[in-house]
Each structure stands twice: as structure tokens, then as C-alpha cells.
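Residue numbers (the numbering used here): 30 to 151.
Where a beta carbon is used, it is the ideal one built from N, C-alpha and C, also for glycine.
Notes to accompany the following structure.
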Amino acid sequence: MSTTTEALYQAGDKCPQCKEGLIEKTDLGFECDECAWNETVEVAVQKAEAARTRVGNYRFKPFSLRIRIETPEEGEVLLQGCIIARSNNNSPHFQHMIDGINGQLEPWRAARLQQELDARNA
């Protein structure tokens with residue numbers, strides 16, 4: 030989940046209107062050095078935010094996933110996969126998944142450990 034949004038334009042980019050001039054940064058936003066095109070920073074940031082979730086007429090909609098784990102062993106396998114995926118990717122979603130899976134597996138682990146300790150002491 031990104032917490033920063035960069036403007037769609039940067040100083041030195043080609044003008045989106047005339048395609049000849051270069052964009053210059055001004056106090057209020059951006060303008061072209063060749064034509065009358067200009068845009069405020071606020072509008073540019075709104076366009077950049079929309080561009081993150083839109084392609085043509087398609088708009089990406091946020092979603093959630095629901096996974097059903099039938100056995101603790103399946104949960105352990107999923108946990109191992111998430112840990113490996115987290116090491117290859119910096120997405121915060123993996124840490125949330127790891128925390129959630131661990132939260133579900135902890136009671137099972139505690140009960141299993143207690144059973145093993147009881148068996149050793151018997």
C-alpha cells in the first residue's frame with residue numbers, strides 16, 4: 030500500500046498538449062514553455078492517483094482474498110510460502126498474511142507442545 034503519490038508530470042517532460050515544448054515547474058504547478066498548457070499540482074496528483082488504478086475504461090477495484098485451510102499442516106505450508114515470498118518482495122501484505130496465519134496456528138502449536146510435554150512426563 031503506497032503512502033505517497035507522485036505527480037504525473039515532472040520538469041523536463043514533453044508537453045502533453047503540444048508535444049513540442051518542455052514542462053516547467055512553477056509555483057502553482059506545471060506549464061509548457063511553448064504553448065499555453067498548464068496544470069496545478071493538485072490536479073496532476075489527482076490524475077496520477079487515477080492512473081494508478083485505471084487503464085482505458087477499466088478501473089481496478091480493491092478486493093480481499095479468503096483462503097480456507099483445512100489442516101494445521103496446510104497452514105504451516107502456506108506460512109512457509111508467505112515467508113519465502115516476503116523475502117523476495119517488499120509488499121506489506123505478506124507480513125499481514127504471516128501475522129494472520131501465525132495467529133491461527135498458535136493455539137494448535139501450544140496444544141501440540143503441551144501434548145508432547147505430557148507424553149514425555151508420563
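Inter-residue spacing [alpha-carbon to alpha-carbon] between residue i and residue j
i           : j           : result
residue 117 : residue 54  : 37 Å
residue 94  : residue 114 : 17 Å
residue 96  : residue 104 : 10 Å
residue 142 : residue 133 : 15 Å
Distance between beta carbons of residue j and residue i, contact taken as under 8 Å
i           : j           : result
residue 130 : residue 146 : Actually they are not in contact, since the Cβ atoms of residue 130 and residue 146 sit about 24 Å apart, beyond 8 Å.
Alpha helix (DSSP H) segment containing residue i, residue limits
i           : result
residue 145 : 121 to 150
residue 78  : 70 to 82
residue 111 : 101 to 117
Counted within 10 angstroms of its Cβ, other Cβ atoms place residue i as buried (16 or more) or exposed
i           : result
residue 111 : buried
residue 87  : exposed
residue 73  : buried
residue 92  : exposed
Unbroken beta strand (DSSP E) run spanning residue i, endpoints
i          : result
residue 54 : 52 to 54
residue 59 : 58 to 61
Exercise for the section: Taking 8 Å as the threshold, find out whether the segment 77 to 91 comes into contact with the segment 58 to 69 through three or more Cβ pairs. Expected result: no
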